[in-house]
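What follows is one structure encoded as structure tokens, with my remarks underneath.
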Ligand code: DCP
Ligand code: MG
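Residue numbers (UniProt numbering): 1 to 429.
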């Protein structure tokens with residue numbers, strides 16, 4: 001939003017000050033100027049790398065620089081990502097490769113090299129941690145940063161620190177990022193997507209409500225396709241419509257989600273940036289070579305993974321209060337399901353049985369590409385798995401598991417296999 005009252009700003013290329021009235025930098029001539037009336041006050045950022053896998057591949061092979069590049073393929077045959085040149089032709093993530101090549105026949109297709117991308121992702125993250133300890137990664141290529149209170153340390157406001165960060169990542173790592181800066185996580189994330197690639201967008205407090213008013217409801221965190229359809233049936237398509245509704249009405253119609261719609265539609269989001277802590281959860285997941293839909297194929301894998309999770313809990317002397325099941329569908333939709341237990345556990349048997357119960361509700365013919373199981377709400381193991389006088393069977397299974405653990409300790413891991421894990425592929429990770 002343009003406002004000339006007290007516009008502070010600078011050039012994103014040479015970092016020289018700018019007033020917000022000029023069109024090009026007076027020092028270097030660049031048009032990439034950043035100015036905003038609230039620029040010095042905003043400190044919550046979302047940073048997302050541009051066309052991440054493709055950018056890494058271009059960095060490592062300069063011949064690809066001006067060519068359309070698609071990363072993906074393999075057995076699954078879908079696009080992981082496409083560079084911005086390929087996107088001009090309409091190529092998108094998750095698109096079947098044959099369709100992508102129809103749109104862009106000249107594209108260079110590269111198989112993903114996950115280890116390399118993970119390494120670059122870590123490098124970027126390490127640099128973020130030099131700016132603030134409050135870095136919350138969301139995925140391999142994106143994170144929230146809270147830079148509140150770091151102005152003294154850096155001798156500059158967050159906006160300036162972030163622009164130098166983007167410049168340095170380009171110079172030292174060789175890929176580009178886009179930055180969203182706001183006063184809350186919701187709008188920081190929205191902002192980082194507004195001006196991709198090499199973007200820097202700012203959404204201030206004063207403009208939040210107006211900015212959101214004409215946007216589709218799907219811009220709101222947690223409003224997916226299915227929920228947007230529910231809202232559309234009720235005649236609600238834009239955030240502005242939500243802004244005009246009473247909180248009570250929204251809650252009556254949509255429960256807790258109604259409260260979220262009420263707050264987020266007004267740009268009210270007080271979630272903190274939560275740094276990654278060492279062990280918030282213990283989990284294990286596997287991405288399959290081919291998608292799996294059948295329960296009887298998923299169950300043995302779940303068993304093997306539950307045992308891994310349990311082994312790690314036992315080793316660390318901790319236990320979890322909540323079991324989390326994670327599924328990713330063929331089109332990359334993530335489903336996580338939680339169940340709080342009556343007491344914390346570190347037993348494979350309890351993790352597995354809870355997991356199966358959650359899994360059964362999800363198995364409906366959908367092909368899954370990833371399955372994960374874990375526990376969160378960690379506590380000390382001394383509180384775990386109290387003898388359950390009601391469920392004698394559970395007690396028996398717990399005793400059996402302890403006996404199996406002892407045998408495994410003595411004779412090695414494969415000495416004892418439970419019925420579920422026979423012939424099942426080993427879980428990775
Ligand atoms: N990814 C994937 N399959 C998807 C989406 C993403 O394998 N359906 C991978 C490839 C991406 C990386 O995750 O490079 C990061 O995802 P983003 O959604 O951030 O996409 P990009 O970084 O590729 O592009 P953008 O510039 O839009 O952020
Ligand atoms: Mg990205």
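The beta carbon of each residue, even a glycine, is placed where N, CA and C say it ideally should be.
Next on the checklist: Quick check on DSSP: helix, strand or coil for residue 62?
Outcome noted: Along the chain shown, one-based indexing puts residue 62 at 62. Secondary structure at residue 62: helix, using DSSP grouped into helix, strand and coil.
Item to check | Enclosing alpha helix (DSSP H) for residue 173 [first to last residue] | outcome: The residue labelled residue 173 in the question sits at position 173 within the chain shown. No alpha helix (DSSP H) holds residue 173; DSSP gives it neither H nor E.
Item to check | Other residues of its chain near residue 403: CB distance less than 8 Å, five sequence neighbours each side excluded | outcome: As a first step, residue 403 must be located in the chain shown, where it is residue number 403. Within the same chain, no Cβ atom closer than 8 Å to the Cβ of residue 403 is found once the five residues on either side in sequence are excluded.
Checklist entry - On the premise that residue 203 lies in contact with residue 142, defined as a C-beta separation below 8 Å, what is that separation, rounded to the nearest angstrom? => result Sequence index remark: in the chain shown, residue 142 carries index 142 (1-based). Sequence index remark: in the chain shown, residue 203 carries index 203 (1-based). Contact doesn't hold; Cβ gap of about 17 Å is too wide.
Next on the checklist: On the CB-based measure, 16 or more other CB atoms within 10 Å of its CB, does residue 16 come out buried or exposed?
Outcome noted: Locating residue 16 in the chain shown gives position 16, counting from the first residue. Residue burial is scored here from C-beta neighbours: residue 16 has fewer than 16 other C-beta atoms within 10 angstroms and is therefore classed as exposed.
Item to check | Cross-strand partners of residue 328 (DSSP beta bridge) | outcome: One-based indexing of the chain shown puts residue 328 at position 328. Per DSSP, the beta-bridge partners of residue 328 are 334, 370.
Checklist entry - Should residue 11 be labelled buried (16 or more other beta-carbon atoms within 10 Å of its own) or exposed? => result Stepping through the chain shown from its first residue, residue 11 is reached at position 11. Counting the other Cβ atoms within 10 Å of the Cβ of residue 11 gives 16 or more, which makes it buried.
Item to check | residue 453: CB within 8 Å of a non-hydrogen atom of the ligand DCP | outcome: In the structure as shown, the chain starts at 1 and stops at 429, and residue 453 therefore has no counterpart that could be examined.
Item to check | Whole-Å CB distance - residue 62 paired with residue 108, under 8 Å assumed | outcome: Sequence index remark: in the chain shown, residue 62 carries index 62 (1-based). Sequence index remark: in the chain shown, residue 108 carries index 108 (1-based). At roughly 13 Å, the Cβ-Cβ gap does not stay under 8 Å, so residue 62 and residue 108 are not in contact.
Checklist entry - CB of residue 104 to nearest heavy atom of the ligand DCP: below 8 Å? => result What you label residue 104 is simply residue 104 of the chain shown in a count that begins at 1. No, the Cβ of residue 104 stays beyond 8 Å of every heavy atom of the ligand DCP.
Checklist entry - Over what stretch of residues does the beta strand (DSSP E) that includes residue 311 continue unbroken? => result Against the chain shown, residue 311 aligns to sequence position 311. Segment 295-316 is the alpha helix (DSSP H) holding residue 311; no beta strand (DSSP E) there.
Checklist entry - When the Cα of residue 329 is compared with those of 236, 362, 235, 112, which residue comes out closest? => result Walking along the chain shown from the start, residue 329 turns up at place 329. When only C-alpha atoms are compared, the closest one is 362.
Checklist entry - How many Å lie between residue 92 and residue 98 at the Cα? => result The residue you call residue 92 lines up with position 92 of the chain shown. The residue you call residue 98 lines up with position 98 of the chain shown. Here the alpha carbons of residue 98 and residue 92 stand approximately 12 Å from one another.
Item to check | Neighbourhood of the ligand MG [Cβ distance below 5 Å to any heavy atom], ordered by chain position | outcome: Result: 48, 49, 52, 141.
Checklist entry - Does the Cβ of residue 355 lie closer than 8 Å to at least one heavy atom of the ligand DCP? => result Taking the chain shown and counting its residues from 1, the one referred to as residue 355 is at position 355. The answer is no for residue 355.
Checklist entry - Of the residues 382, 326, 334, which one's Cα is nearest the Cα of residue 345? => result On the chain shown, residue 345 is found 345 positions in, with the first residue counted as 1. Sorting 382, 326, 334 by C-alpha distance to the C-alpha of residue 345 places 382 at the top.
Checklist entry - In the DSSP assignment, what are the bridge partners of residue 73? => result Counting from one through the chain shown, the residue named residue 73 turns up at place 73. For residue 73, which the question treats as bridged, DSSP gives the partners 78.
Next on the checklist: Going by beta-carbon coordinates alone, are residue 320 and residue 375 separated by less than 9 Å?
Outcome noted: If you number the chain shown from 1, residue 320 lands on position 320. If you number the chain shown from 1, residue 375 lands on position 375. Taking 9 Å as the Cβ cut-off, residue 320 and residue 375 qualify as a contacting pair.
Next on the checklist: Can you give me the C-alpha to C-alpha distance between residue 315 and residue 391, rounded to a whole angstrom?
Outcome noted: Here residue 315 is taken as the residue at index 315 of the chain shown, counted from 1. Here residue 391 is taken as the residue at index 391 of the chain shown, counted from 1. Going from the Cα of residue 315 to the Cα of residue 391 covers about 26 Å.
Checklist entry - Excluding five sequence neighbours on each side, which residues of the same chain lie with their C-beta closer than 8 Å to the C-beta of residue 123? => result Reading the chain shown from its first residue, position 123 is the one you call residue 123. For residue 123, the CB contacts under 8 Å within the same chain, skipping 5 residues up- and downstream, are 173 in chain order.
Checklist entry - In the DSSP assignment, what are the bridge partners of residue 142? => result Counted from its first residue, the chain shown places residue 142 at position 142. In the DSSP assignment, the residues bridged to residue 142 are 48, 139.
Checklist entry - When we look at the beta-carbon of residue 186 and count the other beta-carbons within 10 Å, is it buried (16 or more) or exposed? => result On the chain shown, position 186 is the one that residue 186 refers to. The residue in question, residue 186, is buried, as its Cβ has 16 or more Cβ neighbours within 10 Å.
Checklist entry - Along the chain, where does the beta strand (DSSP E) that runs through residue 34 open and close? => result To locate residue 34, count along the chain shown from 1; it is residue 34. Element bounds for residue 34: 33-36.
Checklist entry - What whole-angstrom Cβ distance do residue 261 and residue 219 have, given they're in contact under 8 Å? => result Along the chain shown, one-based indexing puts residue 261 at 261. Along the chain shown, one-based indexing puts residue 219 at 219. Contact doesn't hold; Cβ gap of about 11 Å is too wide.
Next on the checklist: Whole angstroms are fine: how far does the CA of residue 264 sit from the CA of residue 275?
Outcome noted: What you label residue 275 is simply residue 275 of the chain shown in a count that begins at 1. What you label residue 264 is simply residue 264 of the chain shown in a count that begins at 1. Whole-angstrom Cα-Cα distance: 22 Å.
Checklist entry - Per DSSP, which one or two residues make a beta bridge with residue 181? => result Translated into the one-based positions of the chain shown, residue 181 becomes position 181. Partner(s): 45, 202.
Item to check | residue 266 and residue 241 closer than 9 Å at C-beta | outcome: Start at 1 with the first residue of the chain shown, and residue 266 comes out as number 266. Start at 1 with the first residue of the chain shown, and residue 241 comes out as number 241. Cβ distance not < 9 Å, so residue 266 and residue 241 don't count as in contact.
Checklist entry - Of all the alpha helix (DSSP H) runs that stay within the bounds of the region 99-133, which reach a length of 4 or more residues? => result Listed in chain order, they are 114-131.
Item to check | Beta-carbon proximity list for residue 125, same chain, < 8 Å, skipping 5 on both sides | outcome: In the chain shown, residue 125 corresponds to position 125, counting from 1. Only 135, 137, 143 meet the Cβ criterion.
Checklist entry - How far does the beta strand (DSSP E) with residue 8 in it reach, from first residue to last? => result Along the chain shown, one-based indexing puts residue 8 at 8. Residue 8: member of the beta strand (DSSP E) spanning 8-11, first to last residue.
Checklist entry - Are there 16 or more other CB atoms within 10 angstroms of the CB of residue 175, so buried, or fewer, so exposed? => result Here residue 175 refers to the residue found at position 175 when the chain shown is read from its first residue. Counting other Cβ atoms within 10 Å of its Cβ, residue 175 reaches 16 or more and is therefore classed as buried.
Item to check | Member of 217, 247, 222, 246 whose CA lies at the smallest distance from the CA of residue 235 | outcome: The count along the chain shown starts at 1 and reaches residue 235 at position 235. Minimum Cα distance to residue 235 is reached at 217.
Item to check | Helix, strand or coil at residue 383 according to DSSP, with G and I counted as helix | outcome: The residue labelled residue 383 in the question sits at position 383 within the chain shown. Assigned with DSSP and collapsed to three states, residue 383 falls in helix.
Item to check | Enclosing beta strand (DSSP E) for residue 282 [first to last residue] | outcome: Within the chain shown, residue 282 is the residue found at index 282, counting from 1. Element bounds for residue 282: 281-292.
Item to check | C-beta contact flag for residue 370 and residue 302 at 9 Å | outcome: Numbered from 1 along the chain shown, position 370 holds the residue referred to as residue 370. Numbered from 1 along the chain shown, position 302 holds the residue referred to as residue 302. The answer is no: Cβ separation not under 9 Å.
Item to check | Bounding residues of the alpha helix (DSSP H) (the contiguous stretch that carries residue 151) | outcome: Here residue 151 is taken as the residue at index 151 of the chain shown, counted from 1. Unbroken alpha helix (DSSP H) run through residue 151: 151-154.
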